[in-house]
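J.:
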Amino acid sequence: MSAYSMKHMQTFCTVVEYGGFVGAQSALGMSQPAISTHIRDFEIRLGFQLCHRGRSGFSLTEKGEVVYRKCREMLNSISDFEADLGELRNTLTGTLRVGLVDNVITNRDLPISDAIHRFYSRKNDVSIRLLVLAPEDLERELLTGNIHLAIGLFQNRSNSVTYRHLCSERHGFYCGRRHPLFDRPESEISVELIRQYPISSRTYLQHADLQNIKKSRSVAFVSNMEAQALLIQSGSFLGFLPTHYAYQWVESGEMRAFEHLNLSWQSEFSLAMRASPAPQNIVQVFVGDIEAALEARSQARERAD
Numbered sequence: 001m002s003a004y005s006m007k008h009m010q011t012f013c014t015v016v017e018y019g020g021f022v023g024a025q026s027a028l029g030m031s032q033p034a035i036s037t038h039i040r041d042f043e044i045r046l047g048f049q050l051c052h053r054g055r056s057g058f059s060l061t062e063k064g065e066v067v068y069r070k071c072r073e074m075l076n077s078i079s080d081f082e083a084d085l086g087e088l089r090n091t092l093t094g095t096l097r098v099g100l101v102d103n104v105i106t107n108r109d110l111p112i113s114d115a116i117h118r119f120y121s122r123k124n125d126v127s128i129r130l131l132v133l134a135p136e137d138l139e140r141e142l143l144t145g146n147i148h149l150a151i152g153l154f155q156n157r158s159n160s161v162t163y164r165h166l167c168s169e170r171h172g173f174y175c176g177r178r179h180p181l182f183d184r185p186e187s188e189i190s191v192e193l194i195r196q197y198p199i200s201s202r203t204y205l206q207h208a209d210l211q212n213i214k215k216s217r218s219v220a221f222v223s224n225m226e227a228q229a230l231l232i233q234s235g236s237f238l239g240f241l242p243t244h245y246a247y248q249w250v251e252s253g254e255m256r257a258f259e260h261l262n263l264s265w266q267s268e269f270s271l272a273m274r275a276s277p278a279p280q281n282i283v284q285v286f287v288g289d290i291e292a293a294l295e296a297r298s299q300a301r302e303r304a305d
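The numbers in the UniProt record's numbering rise by one with no breaks, and the one at position 101 of the sequence shown is 101.
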């Protein structure tokens, strides 16, 4: 493999991960014609077509799917190799690959931004690849080695992964301003009445969302919290959201929380890493920064109380 081939691989993976040439432009710092030339040269070198591009949009061929997985594995291995060599030089280097569930930024009990600040406050030559994915995708990417660690809600736990508790997240039950129940008095709203209306549920938390609400007239399923919030805001569906995430809409009068029904529940946020091999030094340092950020936030909360 030459440096030129590595550049082809990096360009190809970036195009795939950004959903096409337009999205990859800023990430690569290249023009669309230059990206197109790289992909075409890579296809010529390999001897087959990697992707379809044109008016119908960007998509991978069957062989392109295989090549993408192989290229990403190789690029991750090279990054890990660089990190290992840096460790021998007592230098933090390589690429830190982190996966998160969506919208943790509003969770004050999970100060990931503080941990990133701590990590980059020390001298290092580390780039970071931060992915926001659904919980089931986080575990898959973790097991394949595409990410070093994942932070999220993990209902189904793998024996090949270690889990470390970080914090709990409270989920409340909400309706939007345009929903028929929004202006009804609390005394008129019961779980029995709630069951008569459509409810939206997150696929990865379906059991927890619906365990106290039986015989809903219909249910919508979403893969992330933004989609859940949109359905609730529409006034067509009721549903659960983390209280820290829904707070902004409750304050503005766009949502209402049904606290009196006692339907709220707690989920567990965990840090997940592969059980083997042992995490690299840059991963261990970042995990330490997460723990330090959690401790600092806890101490600040105790002082405020």
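Glycine included, C-beta positions come from ideal geometry on N, C-alpha and C.
A quick note: this is a predicted structure, and the numbers were derived from the prediction, not measured.
Report the residue ranges of all alpha helix (DSSP H) runs contained in full by the segment 9-82; include only those spanning at least 4 residues, in chain order.
T.: 21-28 and 32-46
J.: Closest to residue 266 by C-alpha separation, out of 47, 244, 281 and 55, would be which residue?
T.: Residue mapping note: residue 266 aligns to position 266 of the sequence shown, counting from 1. From the listed residues 47, 244, 281 and 55, the smallest Cα separation to residue 266 is found for 244.
J.: Enumerate, from N- to C-terminal direction, the unbroken beta strand (DSSP E) stretches of 3 or more residues contained entirely within the segment 261-287.
T.: 265-274
J.: Which whole runs of the beta strand (DSSP E) in the segment 132-215 are 3 residues long or more, in chain order?
T.: 149-153, 161-176 and 199-202
J.: Can you find the residues in the same chain that come closer than 8 Å, C-beta to C-beta, to residue 270, ignoring five residues on each side of it along the sequence?
T.: The residue given as residue 270 occupies position 270 in the sequence shown. The residues are 151, 152, 153, 154, 163, 164, 165 and 166.
J.: Is residue 102 helix, strand or coil by DSSP?
T.: Within the sequence shown, residue 102 is the residue found at index 102, counting from 1. Note: residue 102 maps to coil in three-state DSSP.
J.: Along the chain, where does the alpha helix (DSSP H) that runs through residue 119 open and close?
T.: Along the sequence shown, one-based indexing puts residue 119 at 119. Element bounds for residue 119: 112-121.
J.: Please confirm whether residue 197 and residue 255 have their CB atoms less than 8 Å apart.
T.: The residue you call residue 197 lines up with position 197 of the sequence shown. The residue you call residue 255 lines up with position 255 of the sequence shown. No.
J.: To the nearest angstrom, how far is the alpha carbon of residue 47 from that of residue 237?
T.: Here residue 47 refers to the residue found at position 47 of the sequence shown. Here residue 237 refers to the residue found at position 237 of the sequence shown. Distance between the alpha carbons of residue 47 and residue 237: 51 Å.
J.: Does residue 241 come out as helix, strand or coil in the three-state DSSP assignment?
T.: Sequence index remark: in the sequence shown, residue 241 carries index 241 (1-based). Reduced to three states, the DSSP call for residue 241 is strand.
J.: Mind checking which residues open and close the alpha helix (DSSP H) that includes residue 226?
T.: Position 226 of the sequence shown, counted from the first residue, corresponds to residue 226. 225-233 is the span of the alpha helix (DSSP H), which, as asked, contains residue 226.
J.: Residue 54 to residue 227, Cα distance in whole Å?
T.: Reading the sequence shown from its first residue, position 54 is the one you call residue 54. Reading the sequence shown from its first residue, position 227 is the one you call residue 227. One C-alpha to the other measures close to 29 Å.
J.: Does the segment 184-194 come close enough to the segment 109-118 that 3 or more CB-CB pairs lie under 8 Å?
T.: no
J.: Do you know whose CA, among 305, 181, 58 and 93, lies nearest residue 283's CA?
T.: Position 283 of the sequence shown, counted from the first residue, corresponds to residue 283. Here the closest residue by C-alpha is 93.
J.: I believe residue 9 touches residue 74 by the beta-carbon criterion, under 8 Å. Please report the beta-carbon distance rounded to the nearest angstrom.
T.: Reading the sequence shown from its first residue, position 9 is the one you call residue 9. Reading the sequence shown from its first residue, position 74 is the one you call residue 74. 7 Å between Cβ atoms; contact.
J.: How is residue 109 classed by DSSP in three states: helix, strand or coil?
T.: Residue numbering aside, residue 109 sits at position 109 when the sequence shown is read from its first letter. Of the three classes helix, strand and coil, the one that applies to residue 109 here is coil, per DSSP.
J.: In the structure shown, what three-state DSSP assignment does residue 85 receive?
T.: Position 85 of the sequence shown holds residue 85. Correct three-state label for residue 85: helix.
J.: Check whether the Cβ atoms of residue 85 and residue 272 lie closer than 8 Å to each other.
T.: The residue labelled residue 85 in the question sits at position 85 within the sequence shown. The residue labelled residue 272 in the question sits at position 272 within the sequence shown. Cβ distance not < 8 Å, so residue 85 and residue 272 don't count as in contact.
J.: Across which residues does DSSP place residue 257 in a beta bridge pair?
T.: Against the sequence shown, residue 257 aligns to sequence position 257. Paired residue(s): 174.
J.: For the structure I just gave you, are there three or more beta carbon pairs, one from the segment 103-111 and one from the segment 54-66, closer than 8 Å?
T.: no
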